[in-house]
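In terms of mature numbering (1 follows the signal peptide of the UniProt record, and there is no 0), the sequence shown is residues -20 to -1, 1 to 238.
This report refers to the structure that appears directly beneath it.
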Amino acid sequence: MPRSPALALIVLLLSGVAGCVTTGSGIAPNSNAPTQKQEAARANTELGQRYMQQGKLELAMEKLNRALEVDSSYADAHTVIAVLYERIGNAAKAGEHYRRAAQLKPNSGAEANNYGWFLCNSGKPDEAVPYFDRAIADPFYRTPALALGNAGICLARAGKYDEAEQKLRVALETDQNNTEALYQMASVLYAKRDYFRARAFMQRYEGMARARPETLMLGRNIELQLGNADAARDYTRRLLQDFPNSQQARLLDAPGTS
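Laid out in structure tokens, this is it:
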């Protein structure tokens, strides 16, 4: 599966850690300047991020743990180490640090969105959605359409298709070029058996973004439901030709699959 929108946001956040100046509880009274402790935490976080990008995960862990030893209230360090724990398959520790980052920056959209996405992927949609709502409520959050889209995805996974459609619609009103929201809307409408509207959103998606195995499979399934065998065969051909090793292609190759 391609990188999720939430993960894309984390990558953007990590790319900005090096230039981030926090103004949290570690700031000295009557001063806007970072303390020595914060500067040390920032420097170690930056190094940890850089080592992660280079695939040097042990060194990254060492620097990020050092950052938190120096200043346990440095939210960016919690976020970056959460990403690292996810990368090495330690979901429990990742969750602890995403949650702590959201606690340290309760009004920050980025941290709320990241923790919400973690909860969603952990099968806890009811706990996740309030964090997306918190992200959307942050007037300084630069990508509210991303949090809206993530909320829609999470609600759809929970089978709450009407609520998911509402969130995705607002996401598209906020950013009409949000191709992930277009694909997710098509998926939700397909689940609701609203095939004509699902096709319309798929067509919008295809006019703006590259095909992926899951989008081609969805397009195929929509056309089958609408009785358009020729269009369904074209989606099948593209899927088998362009993504022969995908899970979706293997499903089509299974005996009895037309």
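For each residue, glycine too, the CB sits at the ideal point set by N, CA and C.
If you draw a straight line from the Cα of Ile68 to the Cα of Thr59, it comes to about 15 Å. Non-local beta-carbon contacts of Val150 in its own chain, meaning distances under 6 Å to residues more than five positions away in sequence, involve Leu128 in chain order. Pairwise C-beta distances place the stretch 40 to 49 in contact with the stretch 20 to 32, as three or more of them are shorter than 8 Å. Within the stretch 77 to 155, the complete alpha helix (DSSP H) segments of 4 residues or longer fall at 89 to 101, 105 to 117, 124 to 137 and 141 to 154, listed in chain order. Secondary structure note for Phe181: its alpha helix (DSSP H) is the uninterrupted segment Tyr175 to Glu186.
With a cutoff of 8 Å on beta-carbon distance, Leu48 and Asn93 are scored as not near each other. The C-beta separation of Gly132 from Ala166 comes to about 12 Å, leaving the pair out of contact by the 8 Å criterion. Here DSSP, grouped into helix, strand and coil, assigns Arg213 to helix.
The DSSP-derived three-state label of Tyr65 is helix. Within the same chain, and ignoring the five residues on either side of Gln146 in sequence, no residue has its Cβ closer than 6 Å to its Cβ.
Annotated three-state conformation of Gly199 is helix, per DSSP.
Measuring C-alpha to C-alpha distances from Asn101 to each of Thr123, Gln156, Lys85 and Ala71 identifies Ala71 as the nearest. Proximity to Gln183 across Pro193, Ala171 and Ile202 peaks at Ile202, based on C-alpha coordinates.
Per DSSP, the continuous alpha helix (DSSP H) segment holding Ser167 begins and ends at Thr159 to Ala171.
Per the C-alpha coordinates, the member of Met197, Val50 and Ala211 positioned closest to Asp222 is Met197. Rounded to the nearest angstrom, the gap between the Cα atoms of Leu206 and Ala21 is 57 Å. Contact between Ala171 and Tyr141 holds: CB atoms are separated by about 5 Å, below the 8 Å threshold. Assignment of Asp233 by DSSP, reduced to helix, strand and coil, places it in the helix class.
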